[in-house]
Amino acid sequence: MAADPHDFDVSMATGIGWSSRRLREGLVRRVLMAAALLSVATTIGIVVALAVPTVQFFTRVSPVEFLTGTEWTPLFASPHFGVLPLVTATAVTTFWALLVALPLGLGCAAYLSEYAGRRTRKIFKPLLEILAGVPTVVYGFFALTFLTPLLRDIWILPGKGPQIYNALSAGLVMGIMIIPTVASLSEDAMSAVPDDLRAGARALGSTARQVTTRVTIPAALSGIIAATMLAVSRAVGETMIVAVAAGGTANLSLDPTEPMQTMTAFIAAAALGDQPTGSIGYQTLFAVGSLLFVITLIMNIVSIRLVRRYREVYE
Amino acid sequence: MSDADEPMADPSHELADQDRPAAAEAPPLAGRIPRATGRTVPDAPEEIVINVADVAIYYGSFCAVGGLTVQFGRREITALIGPSGCGKSTALRAFNRMNDLIPGARLTGSVSYRGQDLYGPRVDPITVRRRIGMVFQKPNPFPKSIYDNVAYGPRVTGMKVPNMDDVVEEALTSAALWDEVKDKLRQHAFGLSGGQQQRLCIARTIAVRPDVVLMDEPCSALDPISTAKIEYMMTELADEYTIIIVTHNMQQAARISDRTAFFTTEVDDATGRRSGLMVEFDRTAKIFSTPSDQRTEDYISGKFG
Ligand SMILES: Nc1ncnc2c1ncn2[C@@H]1O[C@H](COP(=O)(O)OP(=O)(O)OP(=O)(O)O)[C@@H](O)[C@H]1O
Ligand SMILES: [Mg+2]
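Chain order of the listed sequences is A and B. Per numbering that gives the first Met the number 0, the very first residue in the first sequence carries number 0; after that it's consecutive. Per numbering that gives the first Met the number 0, the very first residue in the second sequence carries number 0; after that it's consecutive.
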């Protein structure tokens, strides 16, 4: 028993410094746990803070009117609380944003991961990340003072063309804002696809394009979906660009040349005005906020499901 | 089995770039006669499919392998053996222009495929790879179903197939995998064992009906039973295909190949780096009994004990 090699280890573990090391380890563990708890608690706090005024709101306005009404004039003398115009405005701007961001972002990612040399990639990726850091208010003014006048000048489609405030410019510029997110995350996903697969596909006589579309993109689908969902979340939650460029009037329409107010733009506008605590205007803010929260939550759940479904595990 | 029905100038072997031909006229894969063991190998290949003359391959200015002069005969198995780093994989990749994908890789000398310069100006590497397929050391199935893995090649090459199911079944049968997977063709390829994955990769390669199959240490990641299955399958495939296999396993080379090329490494006096060099090419029986080069003999006897 005396020759048991484990004796050595045991005596080390009970040696000098052991108790102080254990104390330090314990402290680190506690600090980290506190950080984790704090973030969970904050989230719960936000949900509760949203929920209380929202519940109060729904004691005054029926959820059916809120969710199916087509008129949104909560601050008028004879108020209407149909949130649909705000929801469609969010959907319209998001649609145009994705129309720009997905093809360009994916194209950029495919170029960087499949075609560009190492040097190009090294220069491009940080550039993209800088683009992602431009404050959104700058994008908003870009939409209002540059893109809208440009679109009005070159408009050739039937109709009057975009108005001063319109969903189209806001959506398109929002798309530009999101490109780096889509490109960077998709590029990460595509670069993670093992080169073995590319070589295998090339050896079967695939062209570079076929390798990208039939092997790399399907293999990276999970990451590309995650990037897309993050893009959608950012578009739905984006406030500054739509507040500056899309206008401040609730408008139930799918025509992107018209001004319209998104959910976020309403919250920003209403929060800037004086809404006495407990007033219906104050509670409206929270009701729209809760709706936005629920929409984003559902999207996140769907995206986690999708990402799991398409995840490929390489050894 | 008659060779007369497929003349040398078969249009399906045309490599020029305009019309990438689907190899639809290749003979059916099923109903082959297993390769007889202990068959006699003629002194020189009767019909040369790939002729390699005085080839050297460089990565930038570094000569990875030189002195390559080999003739790969139709329906023969040729093994490339030699110590690690002697350029076997590099040489193999030169035979279907996979080296084109490595920046800085270049080649001197001549490689011709059925009388055409493989590196000629009008030759399309995509077409080359459709005629000369490749199986890699590590099984690399696509993250798709078993069926879609096999159907991948025919689909991307636009091969005109009357019935894809038949193509998939034939290829899997030839790769000795059909019985194991016929009930789960729609399942994900990653669910297969390593040996099954490698046979799937072989099925995927022969599904496009290539003329030549290159294999880079196809069994090195596999257990002995999977290896035995693949070896047997290769000898069967050799009734249809010209096979070139890189192997570290000399018993394997001795068991299955008709001819063997032996490579070694030598220190380049100018750069001080180790370059690969092809030393000897002959019938496998001769290489393993009475090699004409001392270096071959040393390597072979050293390895055997
Ligand atoms: N992509 C590359 N770029 C630069 N040098 C390379 C590249 N691939 C291989 N080499 C070099 O070329 C030489 C031959 O390599 P190769 O992989 O062909 O050898 P091998 O005989 O297949 O070795 P192994 O038996 O270990 O697989 C080595 O010195 C290697 O370092
Ligand atoms: Mg190798």
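The beta carbon of each residue, even a glycine, is placed where N, CA and C say it ideally should be. If you're wondering where the values come from, they're calculated on a predicted model, not measured in any experiment.
Relative to the C-alpha of A:Leu-146, which residue among A:Val-133, A:Gly-158, A:Ala-169 is closest? For the purposes of this step, residue 146 of chain A is identified with residue 147 of the first sequence, where counting begins at 1. If we check each option's Cα against that of A:Leu-146, A:Ala-169 comes out closest.
For B:Gln-278, is the beta carbon positioned less than 7 Å from some heavy atom of ligand 2? As a working note, residue 278 of chain B is residue 279 in the second sequence. The sequence given here has Val at residue 278 of chain B, not Gln. Not under cutoff, so the answer is no.
Beta-carbon proximity list for B:Arg-282, same chain, < 6 Å, skipping 5 on both sides: As a working mapping, residue 282 of chain B is identified with position 283 in the second sequence. Cβ neighbours of B:Arg-282 beyond the five flanking positions: Val-40, Arg-258.
Chain A beta carbons: is any one of them nearer than 8 Å to that of B:Pro-223? Position 224 of the second sequence holds residue 223 of chain B. Closer than 8 Å: no.
Jot down the residue ranges of each uninterrupted alpha helix (DSSP H) in the segment 246 to 287 of chain B, minimum 4 residues, whole runs only, in chain order. 249 to 255
Ranges of the alpha helix (DSSP H) found wholly within the segment 85 to 133 of chain A, counting only runs of at least 4: 117 to 131
Name the chain A residues whose beta carbon is nearer than 8 Å to that of B:Met-233? Counted from its first residue, the second sequence places residue 233 of chain B at position 234. Those within 8 Å of B:Met-233 in chain A number zero; the least Cβ separation is about 17 Å.
For B:Glu-81, count neighbouring Cβ atoms within 10 angstroms of its own Cβ and tell me buried if that reaches 16, exposed if not. As a working note, residue 81 of chain B is residue 82 in the second sequence. A small fix is needed here, since residue 81 of chain B is Gly in this sequence, not Glu. Buried, because 16 or more other Cβ atoms sit within 10 Å of the Cβ of B:Gly-81.
Nearest chain A C-beta to B:Leu-14 closer than 8 Å, yes or no? The residue labelled residue 14 of chain B in the question sits at position 15 within the second sequence. No, B:Leu-14 does not count as interfacial toward chain A.
Measure the CB-CB distance between B:Ser-225 and B:Ile-205 and report whether it falls below 8 Å. Counted from its first residue, the second sequence places residue 225 of chain B at position 226. Counted from its first residue, the second sequence places residue 205 of chain B at position 206. Going by C-beta atoms, B:Ser-225 is not nearer than 8 Å to B:Ile-205.
Could one say the Cβ of B:Pro-217 lies closer than 8 Å to chain A's Cβ atoms, at least one of them? The count along the second sequence starts at 1 and reaches residue 217 of chain B at position 218. Taking Cβ atoms only, chain A never reaches closer than 8 Å to B:Pro-217, which makes this a no.
Residues with C-beta closer than 5 Å to any heavy atom of ligand 1, in chain order: B:Tyr-58, B:Ala-63, B:Ser-83, B:Gly-84, B:Cys-85, B:Gly-86, B:Lys-87, B:Ser-88, B:Thr-89, B:Ile-101
For B:Gly-132, would you say it is in contact with chain D, using Cβ-to-Cβ distances shorter than 8 Å as the test? Structure shown: chain D not included; protein chains present are A and B.
If you pair each beta-carbon of the segment 211 to 231 of chain A with each one of the segment 165 to 181 of chain A, do three or more pairs fall below 8 Å? yes
On the premise that B:Ala-52 lies in contact with B:Cys-62, defined as a C-beta separation below 8 Å, what is that separation, rounded to the nearest angstrom? Walking along the second sequence from the start, residue 62 of chain B turns up at place 63. Walking along the second sequence from the start, residue 52 of chain B turns up at place 53. Their Cβ separation, rounded to whole angstroms, is 17 Å, which puts B:Cys-62 and B:Ala-52 out of contact at 8 Å.
Rounded straight-line distance, which links the Cα of A:Trp-95 to that of A:Thr-72: Within the first sequence, residue 72 of chain A is the residue found at index 73, counting from 1. Within the first sequence, residue 95 of chain A is the residue found at index 96, counting from 1. Rounded to the nearest angstrom, the two C-alpha atoms are 26 Å apart.
Which bits of chain A does B:Thr-41 rub up against, with CB to CB less than 7 Å? Locating residue 41 of chain B in the second sequence gives position 42, counting from the first residue. The sequence shown places Pro at residue 41 of chain B, not Thr. Under the 7 Å cutoff, chain A gives no residues; its nearest Cβ is about 30 Å from B:Pro-41.
Per DSSP, what are the beta-bridge partners of A:Phe-80 in this structure? By one-based count along the first sequence, residue 80 of chain A stands at place 81. Note: A:Phe-80 sits in a beta bridge opposite A:Trp-71.
Are the CB atoms of A:Ala-142 and A:Glu-257 nearer to each other than 8 Å? As a first step, residue 142 of chain A is located in the first sequence; it is residue number 143 there, counting from the start. As a first step, residue 257 of chain A is located in the first sequence; it is residue number 258 there, counting from the start. Not a contact, by the Cβ cut-off of 8 Å.
Looking at chain B, which residues of the segment 190 to 202 of chain A have a Cβ within less than 8 Å of any of its Cβ atoms? Pro-193, Asp-195, Leu-196, Ala-198, Gly-199, Ala-200, Arg-201, Ala-202
How far does the alpha helix (DSSP H) with B:Asn-148 in it reach, from first residue to last? On the second sequence, position 149 is the one that residue 148 of chain B refers to. Unbroken alpha helix (DSSP H) run through B:Asn-148: 145 to 155.
A:Ile-155: first and last residue of the uninterrupted beta strand (DSSP E) it sits in: What you label residue 155 of chain A is simply residue 156 of the first sequence in a count that begins at 1. Segment: none, A:Ile-155 is in no beta strand (DSSP E) and carries neither H nor E.
According to DSSP, is A:Arg-59 part of a helix, a strand, or is it coil? As a first step, residue 59 of chain A is located in the first sequence; it is residue number 60 there, counting from the start. Correct three-state label for A:Arg-59: helix.
Looking at A:Ala-234: is its Cβ nearer than 8 Å to the Cβ of A:Leu-97? Here residue 234 of chain A corresponds to residue number 235 of the first sequence, with the count starting at 1. Here residue 97 of chain A corresponds to residue number 98 of the first sequence, with the count starting at 1. For A:Ala-234 and A:Leu-97, yes; Cβs fall inside 8 Å.
DSSP state of B:Ala-78 mapped onto helix, strand, coil: Numbered from its first residue, the second sequence carries residue 78 of chain B at position 79. The answer is strand: DSSP assigns B:Ala-78 an E or B state.
Which first and last residues belong to the alpha helix (DSSP H) in which A:Met-239 is found? Mapped onto the first sequence, residue 239 of chain A falls at position 240. Where A:Met-239 is concerned, the enclosing alpha helix (DSSP H) stretches over 239 to 244.
Would you mind reading off the limits of the beta strand (DSSP E) that contains B:Thr-107? Within the second sequence, numbered from 1, the residue matching residue 107 of chain B stands at position 108. That run of the beta strand (DSSP E) goes 104 to 112.
Residues near B:Ile-286 in its chain [Cβ-Cβ closer than 6 Å; skip 5 each side]: The count along the second sequence starts at 1 and reaches residue 286 of chain B at position 287. So the list reads Thr-259, once near-sequence residues are dropped.
Below 8 Å on C-beta distance, what does B:Leu-100 contact in chain A? Mapped onto the second sequence, residue 100 of chain B falls at position 101. Ordered by position in chain A, the residues that pass the 8 Å Cβ test against B:Leu-100 are Ala-198, Arg-201.
Is it buried or exposed for B:Arg-128, if we count other Cβ within 10 angstroms and need 16 for buried? One-based indexing of the second sequence puts residue 128 of chain B at position 129. With 16 or more Cβ atoms within 10 Å of its Cβ, B:Arg-128 is classed as buried.
Where does the unbroken beta strand (DSSP E) through B:Val-134 begin, and where does it stop? Position 135 of the second sequence, counted from the start, is the residue given in the question as residue 134 of chain B. Per DSSP, B:Val-134 belongs to the beta strand (DSSP E) from 131 to 134.
Straight-line gap, B:Gly-86 to B:Gly-66 (C-alpha atoms, nearest Å): Residue 86 of chain B sits at position 87 when you count from the first residue of the second sequence. Residue 66 of chain B sits at position 67 when you count from the first residue of the second sequence. Each residue's Cα considered, the two are about 11 Å apart.
Between the beta-carbon of B:Gly-275 and the beta-carbon of B:Thr-264, is there less than 8 Å? The residue labelled residue 275 of chain B in the question sits at position 276 within the second sequence. The residue labelled residue 264 of chain B in the question sits at position 265 within the second sequence. A contact, by the Cβ cut-off of 8 Å.
Excluding five sequence neighbours on each side, which residues of the same chain lie with their C-beta closer than 6 Å to the C-beta of B:Tyr-298? Residue 298 of chain B sits at position 299 when you count from the first residue of the second sequence. So the list is empty, once near-sequence residues are dropped.
Would you say the segment 96 to 108 of chain B touches the segment 146 to 156 of chain B, given that touching needs at least three Cβ pairs under 8 Å? no
Determine the DSSP secondary structure at B:Gly-30, reduced to helix, strand or coil. For this step, residue 30 of chain B is matched to residue 31 along the second sequence. Unreliable positioning characterises B:Gly-30 in this predicted model, as indicated by a pLDDT of 35, which lies under 50. The coordinate reading is nonetheless provided below. Coil, per DSSP.
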